[in-house]
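One structure below.
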Amino acid sequence: MGIVCLGAALFLGIVNPYDYSETKAMGVEMGFLALGVIVFFVGRLIEKR
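Next up, the structure:
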């Protein structure tokens with residue numbers, strides 16, 4: 003799930019399919035990147051237990 007969020011962030015940042023302004027696209031991309039990293043590390047912690 004974390005990898006999917008990271009892929010979505012890259013897709014939205016590069017392709018920008020919704021014609022967001024540069025600032026809004028950057029905000030959405032950073033949000034998805036943060037979500038992806040958090041989900042990835044939480045998954046790793048759960049997996050180690």
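Sequence positions in the sequence shown follow our numbering and run 3 to 51.
For every residue, glycine included, the Cβ atom is placed at its ideal position computed from N, Cα and C.
Predicted, not measured: the structure shown is a model, and the values here were computed from it.
>> If you reduce the DSSP assignment to three classes, tell me which class residue 3 lands in.
In response: coil
> For residue 37, which residues from the same chain have a beta carbon less than 6 Å from its beta carbon, with the 5 sequence-adjacent residues on both sides left out?
Replying inline: 7
> What residue from 3, 41, 12 has the CA that sits closest to residue 32's CA?
Replying inline: 12
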